[in-house]
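Q: Counting the sequence shown from 1 gives a position; my numbering is that position plus 27.
C-beta atoms are modelled at their ideal positions from N, C-alpha and C, and glycine is treated no differently.
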Amino acid sequence: MTSQTIPVDPFDFIVFGGTGDLAERKLLPALYHRQVAGQFSEPTQIIGASRSKLSDAQFRTFAHKALKDFVHEDELEKKQVDTFLARLSYITVDAVSGDGFDALKKKLGDSKCIRVFYMAVAPQLFGDISQHLRQHKLVTENSRIVVEKPIGRDLASATGLNDVIGQNFAEQQIFRIDHYLGKETVQNLMALRFGNALYEPLWNSALIDHVQITVAETVGLEDRVAYYDKAGALRDMVQNHMLQLLCLVAMEPPSSMDADAVRDEKLKVLNSLKRINGAEAPKATVRGQYKAGASATGAVKGYLDELGNKESRTETFVAIKAEVENWRWAGVPFYLRTGKRLSSRVSEIVIQFKQIPHNIFGEGAGNIKANQLVIRLQPDEGVKQFIMIKDPGPGGMRLRPISLDVSFADAFVGRNPDAYERLIMDVVRGNQTLFMRRDEVEAAWKWIDPILEAWEENRQDAQGYTAGTWGPSSAIALIERDGRTWHESE
Ligand code: BG6
């Protein structure tokens with residue numbers, strides 16, 4: 028039995044927003060997979076809660092469809108599906124008035140089981156729901172609350188949200204999800220750094236020239252107009268996912284995988300990020316917005332067209348030159364870029380090592396490329412270490428780069444579990460290592476807020492880029508000004 032299948036104690040899993048998109052696409056399929064993996068102990072129940080008036084049977088029909096749509100048909104075994112559906116029930120609740128919470132209390136009884144309250148709802152409801160849970164004495168010692176991003180849209184609103192949740196749940200009971208931390212390859216970053224003696228001595232400004240973090244998407248707005256146009260790429264991707272990746276690359280080795288040991292180290296990185304103010308923003312940041320162009324599936328509309336030809340200054344692309352001001356990283360820029368409707372879907376981290384200090388081979392040996400470690404987060408997950416070797420054959424010493432290549436798909440058999448599977452089970456187990464602590468979220472906003480303010484102050488507009496390209500040309504200039512280039516992520 029692998030650690031992935033060690034059964035957890037029985038639990039009651041209550042999904043607020045139980046009939047929403049997240050429940051349908053991610054939570055119900057993830058729970059199903061964990062049941063199939065043998066991780067549930069009985070009695071475990073899953074309760075959908077939302078404003079819609081549904082019967083248990085109707086909720087089961089909804090869940091059944093979610094499984095059919097989002098679980099591979101080879102993995103849908105009738106017996107497992109029946110068992111899964113039998114553990115589902117539904118309750119109608121009104122998050123604002125509190126109607127339905129008495130019924131929820133009755134349903135849960137005085138069970139001492141682990142209770143997970145999952146907020147798959149808009150953040151405006153986090154406060155009301157957590158208050159009703161407390162007032163109805165539903166928050167037991169064994170309860171946890173899970174909140175999804177966005178946690179605020181700036182420091183003030185994030186603090187407000189954290190305060191209101193914190194009035195009803197202790198910090199050890201609050202699980203703030205960043206689904207990037209649940210990705211296998213992101214956890215592999217920690218395995219690579221701290222499970223090998225090889226890299227750590229090289230992991231600093233003496234040998235590393237710079238770091239690139241790219242999270243590129245080919246999708247556009249995807250029916251999320253209302254949310255996305257108010258958020259933009261900086262809030263949607265950088266404040267959370269990208270900064271978490273940066274933290275995992277830059278943090279000092281924690282003393283253990285204990286939640287606070289890891290999070291203390293990440294917090295130090297966030298607090299060491301150099302603030303980007305009004306004068307620096309035009310040099311250190313680039314905002315872009317996609318125009319009509321092409322994607323793999325054909326012609327696509329521009330962002331404004333997708334919005335219905337409204338005016339909008341929202342960025343769908345951002346590139347930033349970030350700097351971590353501490354001994355380890357002084358002088359090593361971290362170039363971040365993320366965007367929608369880019370050329371291909373790829374997330375990767377590139378550790379660019381420095382050039383060799385002296386070339387003994389002379390000009391005939393060709394161009395000696397500095398070593399590169401490319402950690403591919405998705406798709407084609409794996410790690411490539413580029414090194415120089417001698418071109419085989421007689422005729423002198425010619426060098427060329429090759430990659431030592433580990434493809435996770437080739438190295439390991441079996442299904443790559445979705446991030447939510449790992450994260451949900453960690454919530455049940457009460458393990459917060461892969462969840463963001465309050466001070467981390469707030470420290471991230473402390474770095475993001477001045478950038479947002481600088482953009483407003485400077486009226487720094489989003490530059491147009493054609494859908495299907497790598498973003499505005501100024502993003503290329505951002506790195507090339509420093510004599511460096513973006514890694515070609517194809
Ligand atoms: C979400 C963002 O957090 O992450 C989306 O809100 C984005 O805009 C998504 O598309 C990307 O996640 P993944 O797992 O597809 O890389």
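#1: Assign F439 to one of two classes, buried (16 or more other C-beta atoms within 10 Å of its C-beta) or exposed (fewer than that).
#2: Report the option in E338, F196 and G391 whose CA atom is closest to the CA atom of D418.
#3: Any heavy atom of ligand 1 closer than 7 angstroms to the beta-carbon of D263?
#4: Give the single residue among V345, E102, Y226 and M278 whose Cα lies nearest to the Cα of Q379.
#5: Regarding H159 and ligand 1, is the C-beta to nearest heavy atom distance less than 7 angstroms?
#6: Should S232 be counted as a contact of ligand 1 given a C-beta to heavy atom distance under 7 angstroms?
#7: Buried or exposed: which applies to W354, given that a residue is buried once 16 or more other Cβ atoms fall within 10 Å of its Cβ?
#8: Rounding to the nearest angstrom, what Cα-Cα distance links V252 and T341 in this structure?
#9: What does a CB cutoff of less than 6 angstroms around E408 pick up in its chain, not counting 5 residues either side in sequence?
#10: Please confirm whether K367 and E515 have their CB atoms less than 8 angstroms apart.
#11: For the putative contact between G179 and W482, defined by C-beta atoms under 8 angstroms, what is the C-beta separation to the nearest angstrom?
#12: Determine the DSSP secondary structure at Y492, reduced to helix, strand or coil.
#13: Short check: CB of I204 to CB of F43, under 8 angstroms?
#14: Using a Cβ-based criterion (distance less than 7 angstroms to any ligand heavy atom), does Q405 qualify as near ligand 2?
#15: Could you tell me the alpha carbon to alpha carbon distance between F153 and P444, rounded to whole angstroms?
#16: Residue ranges of each alpha helix (DSSP H) run of no fewer than 4 residues wholly in the stretch 269-329, ordered along the chain?
#17: What separation, rounded to the nearest whole angstrom, lies between the Cα atoms of H163 and R220?
#18: Is any heavy atom of ligand 1 found at a distance shorter than 7 angstroms from the C-beta of V433?
#19: Given 8 angstroms as the limit, is there contact between the stretch 382-397 and the stretch 254-262, that is, 3 or more CB pairs closer than that?
#20: Report the CB separation of P34 from Q66 in whole angstroms; it is logged as a contact under 8 angstroms.
#21: Any heavy atom of ligand 1 closer than 7 angstroms to the beta-carbon of S374?
#22: Between which two residues does the beta strand (DSSP E) containing V377 stretch?
#23: Between G222 and A147, how many whole angstroms is the CB-CB distance? I'm expecting something under 8 angstroms.
#24: Are S20 and G125 close, meaning C-beta to C-beta below 8 angstroms?
#25: At which residue ranges does the stretch 190-226 contain complete alpha helix (DSSP H) runs of 4 or more residues, listed in the order of the chain?
#26: Using only alpha-carbon positions, find the residue among L400, I118 and Y145 that is nearest to K25.
#27: With a threshold of 7 angstroms on Cβ separation, who are the neighbours of M28 within its own chain once the five nearest residues in sequence on each side are excluded?
#28: Is E350 near ligand 1, judged by its Cβ being under 7 angstroms from some heavy atom?
#29: With a Cβ-Cβ cutoff of 8 angstroms, do V373 and V401 count as a contact?
#30: Is the beta carbon of E168 within less than 7 angstroms of some heavy atom of ligand 1?
#31: Please confirm whether A346 and A494 have their CB atoms less than 8 angstroms apart.
#32: Give every residue of the same chain whose Cβ lies closer than 8 angstroms to the Cβ of E480, excluding the five residues on either side of it in the sequence, and list them in chain order.
#33: Whole angstroms are fine: how far does the CA of V359 sit from the CA of K310?
#34: Can you tell me where the beta strand (DSSP E) holding M146 begins and where it ends?
#35: M217 and I240 look like a contact to me (Cβ under 8 angstroms); what is the Cβ gap, rounded to whole Å?
A: Taking the geometry as given:
#1: Stepping through the sequence shown from its first residue, residue 439 is reached at position 412. Within a 10 Å sphere around the beta-carbon of F439 sit fewer than 16 other beta-carbons, which makes this residue exposed.
#2: To locate residue 418, count along the sequence shown from 1; it is residue 391. Of the listed residues, the one whose Cα sits closest to D418 is G391.
#3: For the purposes of this step, residue 263 is taken as the residue at position 236 of the sequence shown. For ligand 1, at least one heavy atom lies less than 7 angstroms from the Cβ of D263.
#4: Residue 379 sits at position 352 when you count from the first residue of the sequence shown. The shortest Cα separation from Q379 among V345, E102, Y226 and M278 belongs to Y226.
#5: Stepping through the sequence shown from its first residue, residue 159 is reached at position 132. No, since every heavy atom of ligand 1 falls outside the 7 angstroms radius drawn around the Cβ of H159.
#6: As a first step, residue 232 must be located in the sequence shown, where it is residue number 205. Judged by the Cβ position, S232 fails to qualify as a neighbour of ligand 1 at the 7 angstroms threshold, every heavy atom of the ligand being at least this far.
#7: What you label residue 354 is simply residue 327 of the sequence shown in a count that begins at 1. Under this definition W354 is an exposed residue.
#8: Working through the sequence shown from its first residue, we reach residue 252 at position 225. Working through the sequence shown from its first residue, we reach residue 341 at position 314. Going by the C-alpha atoms only, they are around 11 angstroms apart.
#9: For this step, residue 408 is matched to residue 381 along the sequence shown. Excluding residues within five positions, the ones whose Cβ falls inside 6 angstroms are T212 and F435.
#10: Against the sequence shown, residue 367 aligns to sequence position 340. Against the sequence shown, residue 515 aligns to sequence position 488. No. Outside cutoff.
#11: Against the sequence shown, residue 179 aligns to sequence position 152. Against the sequence shown, residue 482 aligns to sequence position 455. Taking the Cβ atoms as the reference, G179 lies roughly 17 angstroms from W482, outside the contact range of under 8 angstroms.
#12: By 1-based counting over the sequence shown, the position of residue 492 is 465. Strand.
#13: Here residue 204 refers to the residue found at position 177 of the sequence shown. Here residue 43 refers to the residue found at position 16 of the sequence shown. Annotated as distal: I204 and F43, with beta-carbon spacing of 8 angstroms or more.
#14: Absent from the structure shown: ligand 2. Ligands present: ligand 1.
#15: Position 126 of the sequence shown, counted from the start, is the residue given in the question as residue 153. Position 417 of the sequence shown, counted from the start, is the residue given in the question as residue 444. The alpha-carbon of F153 is positioned some 28 angstroms away from that of P444.
#16: The alpha helix (DSSP H) runs of length 4 or more contained entirely in the stretch 269-329 are, from start to end of the chain, 270-277, 286-299 and 308-311.
#17: Locating residue 163 in the sequence shown gives position 136, where the first residue counts as 1. Locating residue 220 in the sequence shown gives position 193, where the first residue counts as 1. Those two C-alpha atoms are separated by around 46 angstroms.
#18: As a first step, residue 433 is located in the sequence shown; it is residue number 406 there, counting from the start. Not a single heavy atom of ligand 1 lies less than 7 angstroms from the C-beta of V433.
#19: No: the two stretches stay apart, fewer than three of their Cβ pairs being nearer than 8 angstroms.
#20: Stepping through the sequence shown from its first residue, residue 34 is reached at position 7. Stepping through the sequence shown from its first residue, residue 66 is reached at position 39. With a Cβ gap of about 5 angstroms, P34 and Q66 count as contacting.
#21: Position 347 of the sequence shown, counting from 1, holds the residue named residue 374. At least one heavy atom of ligand 1 is nearer than 7 angstroms to the Cβ of S374, so yes.
#22: The sequence position of residue 377 within the sequence shown is 350, counting from 1. For V377, the enclosing beta strand (DSSP E) starts and ends at V373 to F380.
#23: Start at 1 with the first residue of the sequence shown, and residue 222 comes out as number 195. Start at 1 with the first residue of the sequence shown, and residue 147 comes out as number 120. About 34 angstroms separates the two Cβ atoms, so there is no contact after all.
#24: Absent from the model: residue 20. The displayed extent of the chain is 28 to 517, so no value can be given.
#25: Entirely contained in the stretch 190-226, the alpha helix (DSSP H) runs reaching 4 residues are, in chain order, 211-221.
#26: Since the first and last residues shown for the chain are 28 and 517, residue 25 lies out of range.
#27: For this step, residue 28 is matched to residue 1 along the sequence shown. At M28, the pLDDT of 46 sits below 50, so the modelled position is not reliable and the matter cannot be decided from this model.
#28: In the sequence shown, residue 350 corresponds to position 323, counting from 1. Checking every heavy atom of ligand 1 against the Cβ of E350, none is found closer than 7 angstroms.
#29: Indexing the sequence shown from 1 puts residue 373 at position 346. Indexing the sequence shown from 1 puts residue 401 at position 374. The Cβ atoms of V373 and V401 do not sit closer than 8 angstroms to each other.
#30: To locate residue 168, count along the sequence shown from 1; it is residue 141. Remark: the C-beta of E168 is outside contact range of ligand 1, defined as less than 7 angstroms to any heavy atom.
#31: Your numbering for residue 346 matches position 319 in the sequence shown. Your numbering for residue 494 matches position 467 in the sequence shown. The criterion of a C-beta distance shorter than 8 angstroms is not satisfied by A346 and A494.
#32: The count along the sequence shown starts at 1 and reaches residue 480 at position 453. Here the set comprises G305.
#33: As a working mapping, residue 310 is identified with position 283 in the sequence shown. As a working mapping, residue 359 is identified with position 332 in the sequence shown. Taking the straight line from one Cα to the other gives about 16 angstroms.
#34: For the purposes of this step, residue 146 is taken as residue 119 along the sequence shown, with counting starting at 1. Residues I141 to M146.
#35: Position 190 of the sequence shown holds residue 217. Position 213 of the sequence shown holds residue 240. About 15 angstroms; that fails the 8 angstroms criterion.
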